[in-house]
Every structure is written in structure tokens, then in C-alpha cells.
Amino acid sequence: MTEKNRVVEFKTDRIVCLDSPISGGRGEKLHLFAEVIDTITISDRCWVRPLAIARSNPESFNVEFLHDLRDAAQLILPKAFFRDALDTEVLPLISELFHPAKDSIRSANAQKILYRFIADLYRSS
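For the sequence shown, the working numbering assigns the number 10 to the initial residue and increments by one for each residue that follows.
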């Protein structure tokens, strides 16, 4: 999660990232990428449309696409959880979502995958 004292302003249609505080094997991290639908200023929250979950490896700096979440439910979460996604993260992700390298279909269990990611996020905080 990002620093709590920082003022975070996101614009509609911007791609943001929520980094999982839980590390996998070999220091890998999971990241939820989402598109901002709107911000709710009164409660300092962000309404987002999940796009994908990806895994990063700090040794190679590569982001590996894991799950297409475009069919999962939209989320409203504190803005402080999110950070701006970097171009180097977003471009390969968007390419994989719209022009998959392998014969992949949207994750049939997208909602379950998203639920597990959010549950892990709240369990660790």
C-alpha cells in the first residue's frame, strides 16, 4: 500500500495499481491493475474497474500477466491503496489483454480470484 499521508488524485480512465503486501516465492509480488471510473472525494475512495492481476519479479523487472479480471465486479477502495501504474507495466499488460500471446480466455473464476486478492490485502493490513 502507498504512504497514507500523501494526497492521491486520480483522473477518470487512468490505470492504477494496487500492490499486494504479500510476497510469493523468490520475492515475487502480485499487482492488481484497474481503470479508474471515478473518485469519491467525500470518503477519499476510488471506484475502479479491475483489469488484471500480474506478478512481478524484482530480479528481472518483468511483469507477467496472470488473470484477466475484466469480468469481475467493480471495487470501491481507499485511494491510499493505489498508485499510478507505470507505462512499463501498463503497455505489456494492455497488449496481453487485447492481443493474447497464447490462446487464453477471460478467467472463468475472475470474481473468486479478485475476492482472494482483496481478502489477502485486508488480512495483511
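Yeah, the Cβ is synthetic: ideal placement off N, Cα and C, and Gly gets one too.
All figures in this text were calculated on a predicted structure; none of them were measured in a lab.
Next on the checklist: Suppose you measure from the CA of D53 to the CA of E18; what does that come to, to the nearest Å?
Outcome noted: 10 Å
Checklist entry - Do C26 and E98 have their C-beta atoms within less than 8 Å of each other? => result Result yes, Cβ atoms of C26 and E98 sit closer than 8 Å.
Item to check | Euclidean distance between Cα positions of T11 and F91 | outcome: Note on T11: pLDDT 46, under 50, position unreliable in the model; the coordinate value appears next. Roughly 7 Å separates the two Cα atoms.
Checklist entry - Would a C-beta distance cut-off of 8 Å place I24 and E44 closer than the cut-off? => result Between I24 and E44, the C-beta gap is smaller than 8 Å, which places the two residues in contact.
Item to check | Integer Cβ distance of V57 from I49, believed to fall under 8 Å | outcome: Between I49 and V57 the Cβ distance is about 11 Å, and since that is not below 8 Å, they are no contact.
Checklist entry - If you count every other CB in all the chains shown that lies within 10 Å of the CB of S29, and 16 or more means buried, which is it? => result buried
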